[in-house]
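One line per chain: the protein sequences are D and B, in this order. According to full-length UniProt numbering, the first sequence holds residues 1 to 291 in order. According to full-length UniProt numbering, the second sequence holds residues 1 to 291 in order. Using N, Cα and C, we set each Cβ at its ideal position, and we do this for glycine too. Here is the structure we will look at.
There are 2 protein chains.
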Amino acid sequence: MVRRTLPPLSTLKAFEAAARLRSFKEAAEELNVTQSAISHQVASLERNLGTSLFRRLPGRVELSKAGELYFPVVQDALDRIALTTDLIRQSHAPAALTVQVYVTVAVRWLIPRLQKFKDASPEIAISLDASLLDWEFNADRADIGLIYTRSPDRPNVSYTLLRRERLVAVCSSATAKAISSPADIRQFPFLAVTGTAEDSSIWAASVGLPGLIQKSSPVFDSNLLAIEAAVNGQGVVVVPEFLVEADLATGTLAIPVQSDVMQPGGWYLTYLQRRANEKAIRKFLDWIRQQ
Amino acid sequence: MVRRTLPPLSTLKAFEAAARLRSFKEAAEELNVTQSAISHQVASLERNLGTSLFRRLPGRVELSKAGELYFPVVQDALDRIALTTDLIRQSHAPAALTVQVYVTVAVRWLIPRLQKFKDASPEIAISLDASLLDWEFNADRADIGLIYTRSPDRPNVSYTLLRRERLVAVCSSATAKAISSPADIRQFPFLAVTGTAEDSSIWAASVGLPGLIQKSSPVFDSNLLAIEAAVNGQGVVVVPEFLVEADLATGTLAIPVQSDVMQPGGWYLTYLQRRANEKAIRKFLDWIRQQ
DNA sequence: TCACCTACATGAATTTTATTCATGTAGACG
DNA sequence: CGTCTACATGAATAAAATTCATGTAGGTGA
């Protein structure tokens with residue numbers, strides 16, 4: 001008599017993800033394991049049940065009859081467990097929030113304002129994650145992200161639009177004095193930043209200077225470095241306005257040529273939809289919208 | 001940001017059992033592991049959740065606030081999984097049924113009739129488990145049990161009364177001829193069987209022979225052996241009537257002294273309540289009630 | 001009141017299980 | 001027809017669960 005009512009529960013995690021995504025490969029990515037691990041786990045569950053749960057088709061899998069029966073039950077059960085597990089963790093863990101943010105935004109915008117949030121919500125421990133690697137929100141590393149995107153439409157992610165930004169070209173005031181018409185800009189190095197070519201060319205087009213960005217332009221890893229270079233009179237850089245507001249106010253940076261063109265995308269606060277009601281996330285969201 | 005929505009699911013098995021039984025020791029027994037394993041698993045879950053789930057009291061445990069919140073959810077989720085898992089296993093496993101039965105009953109009653117069941121339900125593969133070790137039904141080893149008990153009241157177990165049996169004393173016909181009154185029985189060895197002292201003394205009392213069973217009586221491990229000894233003229237044994245019906249009919253055994261006393265307990269078919277609707281169990285039950 | 005018992009805890013050793021790595025297979029796609 | 005993609009598979013490795021041996025604390029009975 002071989003009878004073991006519950007299957008090895010760990011295999012269910014793999015099965016649920018594979019069934020939901022209809023792909024072992026994607027399930028593997030979601031669970032941060034290899035495709036091989038999912039394959040083994042599913043095979044082990046199938047052996048345990050004495051029936052196969054997936055039909056293996058070329059290049060993909062689909063649920064078998066038994067899989068169709070099993071999946072909703074397993075998914076529902078794991079959902080319930082996950083929900084209550086989070087509830088218990090939340091009520092017992094000290095509140096903490098990791099904010100994903102680009103270095104430039106962190107240094108030139110967020111950090112100067114962050115003390116106010118800490119004063120208002122001292123019970124929430126804030127960490128910043130500015131590892132440049134992710135341009136998009138990465139829910140594995142952060143609870144909430146302050147990001148720029150043209151397509152705020154990833155599934156299961158909430159986007160709250162904070163602002164659309166005007167693009168401005170900035171340089172040191174000395175440099176600005178030497179520029180009286182848009183064309184004069186060509187006399188100075190154009191400071192390029194990886195990943196922002198679109199912003200630059202939109203701005204250049206708006207002032208009638210196509211081809212402003214040359215292959216020979218100095219290239220920086222991030223806006224932060226390019227802005228510092230501009231402050232030091234090394235050229236002109238195009239950035240969203242809020243990153244240089246303080247410098248414009250103090251005169252550290254100046255606008256050589258006016259333009260009213262906007263960034264094509266928007267700046268958003270993003271977080272996982274299912275976490276929308278967590279206190280720390282709500283508080284940070286409410287606070288940042290007032291800024 | 002430490003976030004792992006699902007806890008290690010294997011720890012939930014231990015938690016559920018411990019919470020339900022309100023004892024780590026009993027949970028360990030149910031899951032066939034050591035108490036230490038449960039303790040480690042629960043501790044690991046508690047570490048993962050960041051809060052304790054049990055209050056450790058001297059000699060026992062009770063659920064903490066968080067435990068009270070978690071337990072019903074986990075129990076319900078595991079129940080759902082178990083239910084559907086069984087469903088899938090059933091529909092894909094070749095039907096098989098292990099019947100727990102005492103050796104004597106197997107040899108003298110069940111096996112002679114079993115072919116009829118196999119003929120009627122050839123799709124069900126029958127195994128017998130007559131390992132003497134369990135006097136009670138053991139759901140880990142068998143699907144259904146044919147057992148004798150005075151208290152058919154274990155939780156989660158269904159009992160279907162098959163019959164109550166008359167106790168008869170039997171011996172070879174040669175021995176029977178030498179016995180004309182109850183007292184004559186004392187001239188022959190009384191064949192004792194471990195675990196049936198009660199039956200013997202009830203019978204002895206009913207015919208006015210208290211103290212019939214002596215310390216010097218030969219003792220057998222099971223009725224089967226004692227009956228064989230009686231067949232071979234080695235003495236008198238008291239057994240439930242159905243075990244010797246065939247021998248009485250053929251004259252291999254005889255009843256030296258009549259009595260109408262019944263066994264205090266009954267003969268039951270037992271199985272886990274939750275498995276009452278399985279086809280193999282229902283079929284065996286229906287068949288055996290006709291015998 | 002003092003052994004002794006019972007139930008749970010704990011750390012190290014061990015066994016079992018999960019995962020990776022390296023490679024294989026089969027069909028789709030250019 | 002090669003090449004790519006997604007999954008399978010077996011051996012090696014890493015991680016996790018379990019046991020074993022022992023400890024602790026409170027309760028129980030001589």
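Taking the beta carbon of residue i as the centre, do at least 16 other beta carbons fall within 10 Å, making it buried, or is it exposed?
i	result
T194(D)	exposed
Q263(D)	buried
K177(B)	exposed
G211(D)	exposed
E16(D)	buried
residue 301(D)	Here chain D covers residues 1 to 291 and nothing more, so residue 301(D) does not appear.
S91(D)	exposed
R89(B)	buried
A276(B)	exposed
T34(B)	exposed
D143(B)	buried
V42(D)	buried
K13(B)	buried
P155(D)	exposed
W135(D)	exposed
D199(B)	buried
P240(D)	buried
V101(B)	buried
A93(D)	exposed
V219(B)	exposed
L224(D)	buried
A27(D)	buried
A249(B)	exposed
Which stretch, first to last residue, makes up the alpha helix (DSSP H) that contains residue i?
i	result
R289(D)	279–289
R150(B)	No alpha helix (DSSP H) contains R150(B), which DSSP labels as neither H nor E.
R55(D)	Segment 54–57 is the beta strand (DSSP E) holding R55(D); no alpha helix (DSSP H) there.
L167(B)	From DSSP, L167(B) is part of no alpha helix (DSSP H) but of the beta strand (DSSP E) over 167–170.
N48(B)	35–49
P112(B)	111–120
L31(D)	24–31
S173(B)	173–177
Provide the residue span of the beta strand (DSSP E) that contains residue i, from first to last.
i	result
E62(D)	60–63
F137(D)	No beta strand (DSSP E) holds F137(D); DSSP gives it neither H nor E.
A19(B)	No beta strand (DSSP E) holds A19(B); the alpha helix (DSSP H) holding it covers 9–21.
Q100(D)	96–101
L161(B)	157–163
T270(D)	266–272
S127(D)	125–129
Closer than 6 angstroms: is that where the CB of residue i sits relative to any heavy atom of the ligand HEM?
i	result
R55(D)	For the ligand HEM, the structure offers nothing, since it holds no ligand at all.
Mind reading off the beta-carbon distance from residue i to residue j? Whole number of angstroms is fine, and I expect it under 8 angstroms.
i	j	result
T11(D)	L45(D)	4 angstroms
P67(D)	L87(D)	The residue you asked about is not Pro; residue 67(D) is Gly in the sequence shown. Not really, about 30 angstroms apart at Cβ, beyond 8 angstroms.
T270(D)	V157(D)	5 angstroms
A139(B)	L243(B)	Their Cβ separation, rounded to whole angstroms, is 25 angstroms, which puts A139(B) and L243(B) out of contact at 8 angstroms.
L49(D)	T85(B)	7 angstroms
L167(B)	I213(B)	That belief does not hold up - the Cβ atoms of L167(B) and I213(B) are roughly 14 angstroms apart, past 8 angstroms.
L6(B)	I126(D)	Going by Cβ atoms, the distance from L6(B) to I126(D) rounds to 26 angstroms, so no, they are not a contact pair.
residue 296(B)	E165(B)	Within the shown structure, residues of chain B are numbered from 1 to 291, placing residue 296(B) beyond reach of any answer.
L97(B)	F284(B)	6 angstroms
L209(D)	A183(D)	7 angstroms
I288(B)	L128(B)	The Cβ separation is near 13 angstroms, so there is no contact.
Touch test, the region 245–254 of chain B against the region 157–176 of chain B, Cβ-Cβ under 8 angstroms, three pairs minimum: yes
Can you list, in chain order, the stretches of the beta strand (DSSP E) that have 3 or more residues and sit fully within the region 187–263 of chain D? 237–240
For the region 73–81 of chain D and the region 55–66 of chain B, state whether three or more C-beta atom pairs, one from each stretch, are separated by less than 8 angstroms. no
contact_flag[the region 87–106 of chain B, the region 143–162 of chain B] where n(CB pairs < 8 angstroms) is 3 or more: yes
Tell me whether the region 185–194 of chain B and the region 223–243 of chain B touch, counting them as touching only if at least three CB pairs, one residue from each stretch, are closer than 8 angstroms. yes
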